[in-house]
Amino acid sequence: MDDAAIIKLYQQRDERALQETKARYEALCMTVAYNMLGSREDAEECVNDAMMCLWQAIPPAEPESLGAYLVTAVRNAARDRLAYQNAQRRGGGQLSVAIDELTDCLPSAEQPERLLDSIAIRDAFRRFLPTLRPAARMIFLRRYWLCLTPQEVADETGCSVSRVNMSLMRTRKKLKAFLEKEELL
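Residue numbers (the working numbering): 1484 to 1668.
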């Protein structure tokens, strides 16, 4: 079932919408949440919270991309859980590692998680991403949006881990220069 049909089920308040959403997006959502949290149980709770959020949001919301909307809800739920729990005590996750890699590119290292949500940074990222070659953009987004490890990115893209790491390093340098030019650093 495609996104439009699933959204229509949500608008009709048909509970099959949840089943169809789960069938289509559960694996992706679990990967994102697990990579951020490092705990399968916490990831499951975040995915369930995001599904509830989706049920409550549609209607009136009519997302263009159900997958992107749901992944954003999962990321927000995982970020809220990280704020509530001590992520390092619970084993950490890829989010803290990924954010550590980006701290040199962000204006302040005090609370980098909050900086990613600021309007100025978000808008700058939207302008920056189209400047990248498609392969570099795909690697960057898989690492820093989906919070995949460099090994997982390499496996998904068919590149070597060293190529992924080199691409990420070059993209971080470009991002830093871009943010300096935008006067956000």
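Even glycine gets a Cβ: it sits at the ideal position worked out from N, Cα and C.
Whole-angstrom C-beta distance between residue j and residue i, which should lie under 8 Å
i     : j     : result
A1607 : L1662 : 6 Å
V1554 : L1511 : 7 Å
Contacts around residue i, its chain only, beta-carbon distance under 8 Å, and the 5 residues preceding and following it disregarded
i     : result
E1509 : V1530
R1573 : Per-residue confidence for R1573 stands at a pLDDT of 42, beneath the threshold of 50, marking its modelled position as unreliable; the derived number appears in the next sentence. Contacts found: L1520, G1521, S1522, D1525.
Close beta carbons around residue i, own chain, < 6 Å, minus the five adjacent residues each side
i     : result
A1506 : none
Identity of the residue in the options nearest residue i by Cα
i     : options                    : result
D1532 : A1544, P1543, A1556, W1628 : A1556
L1612 : A1560, L1658, V1515        : L1658
N1610 : Y1567, K1664, M1513, Y1552 : Here residue 1610 turns out to be Arg, not Asn, going by the sequence shown. If we check each option's Cα against that of R1610, K1664 comes out closest.
P1617 : L1537, T1640, R1562        : T1640
C1630 : T1654, V1515, A1540        : V1515
G1550 : A1561, R1562, L1537        : L1537
Test item: CB-CB of residue i and residue j under 9 Å
i     : j     : result
E1584 : Y1627 : yes
S1650 : I1622 : yes
E1498 : I1489 : no
S1548 : D1485 : no
L1667 : A1603 : yes
Cβ shell of residue i (< 7 Å), same chain only, five flanking positions each side left out
i     : result
Q1571 : The pLDDT assigned to Q1571 is 49, lower than 50, so where the model puts this residue is not dependable; a value taken from the coordinates is nonetheless given after this. Here the set comprises nothing.
R1564 : L1520, D1525, C1529
N1648 : P1633
Check whether the stretch 1493-1506 touches the stretch 1536-1545, counting contact only when three or more Cβ pairs, one atom from each stretch, lie closer than 8 Å. Contact check between the stretch 1493-1506 and the stretch 1536-1545: three or more CB pairs, one atom from each, fall below 8 Å, which counts as touching.
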